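**Student:** The structure is given below, and queries will be raised subsequently.
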């Protein structure tokens, strides 16, 4: 008798933040989810990982040295508009956030400190939406 195969799709999720403690908190929170996690501490490292892996979703800090989150996510969107991008922000720079969302390269933003349930729900919704769009496109 064959071992049962899992029907759960695994997603590749990249977490980008210049603070190791934030990355560790996010990694602990997402443990046990059907995600393969990639971690980056800056924009250049994130772009390098993005070139090496097929990434479904990115959760990125808005404020980082050298390359801020919106700049990184704009470049990711330019390279692959199917990757879903979520901005994590501890600052209320609403003009930056609304511009990123209206330009279409950020799906949603989450404020720091985040609510664990809200963050997980947002990631689940983003990946469900992405999956539905991919399925729709494959039928066309």
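Numbering (the UniProt record's numbering), first residue to last: 1 to 140. Ideal Cβ positions, reconstructed from N, Cα and C, are used throughout, including at glycine. Small disclaimer: the values here were computed from a predicted structure and weren't measured.
1) Below 8 Å, how does it come out for the segment 98-115 and the segment 72-86: are there three or more Cβ pairs, yes or no?
2) Between residue 99 and residue 70, is the Cβ-Cβ spacing less than 9 Å?
3) Figure out for me which residue from 96, 118, 90 has the closest Cα to the Cα of residue 19.
4) With DSSP collapsed to three states, give me the class of residue 14.
5) Going by beta carbon distance, what residues of the same chain come within less than 6 Å of residue 40, once the five residues before and after it are set aside?
6) Here's the rule I'm using: 16 or more other beta-carbon atoms within 10 Å means buried, otherwise exposed. How should residue 2 be labelled?
7) From residue 97 to residue 138, what does the alpha carbon distance come to, in whole angstroms?
8) Rounded to whole angstroms, what's the CA-CA distance from residue 115 to residue 73? Just pull it up for me.
9) Quick check on DSSP: helix, strand or coil for residue 31?
10) So the alpha helix (DSSP H) residue 66 belongs to, where does it begin and stop?
11) Could you name the residues that DSSP lists as bridge partners for residue 91?
**Tutor:** On the basis of the supplied data:
1) Pairwise C-beta distances place the segment 98-115 in contact with the segment 72-86, as three or more of them are shorter than 8 Å.
2) Numbered from its first residue, the chain shown carries residue 99 at position 99. Numbered from its first residue, the chain shown carries residue 70 at position 70. Yes, these two residues count as a Cβ contact at 9 Å.
3) Counting from one through the chain shown, the residue named residue 19 turns up at place 19. Nearest of 96, 118, 90 to residue 19, Cα basis: 90.
4) For the purposes of this step, residue 14 is identified with residue 14 of the chain shown, where counting begins at 1. Strand, per DSSP.
5) The count along the chain shown starts at 1 and reaches residue 40 at position 40. Answer for residue 40: 16, 46, 49, listed in chain order.
6) In the chain shown, counting from the first residue as 1, residue 2 sits at position 2. Bear in mind that the predicted position of residue 2 carries a pLDDT of just 49, short of 50, making it unreliable; the figure below should be weighed with that in mind. Residue 2 is exposed by the Cβ-count criterion.
7) Position 97 of the chain shown, counting from 1, holds the residue named residue 97. Position 138 of the chain shown, counting from 1, holds the residue named residue 138. Roughly 31 Å between the two C-alpha positions.
8) Along the chain shown, one-based indexing puts residue 115 at 115. Along the chain shown, one-based indexing puts residue 73 at 73. In a straight line, the C-alpha of residue 115 is about 22 Å away from that of residue 73.
9) Locating residue 31 in the chain shown gives position 31, counting from the first residue. DSSP, reduced to helix, strand and coil, places residue 31 outside both helices and strands of the structure shown, so it counts as coil.
10) Indexing the chain shown from 1 puts residue 66 at position 66. According to the DSSP assignment, residue 66 belongs to no alpha helix (DSSP H), since it is labelled neither H nor E.
11) For this step, residue 91 is matched to residue 91 along the chain shown. In DSSP, residue 91 forms no bridge with anything.
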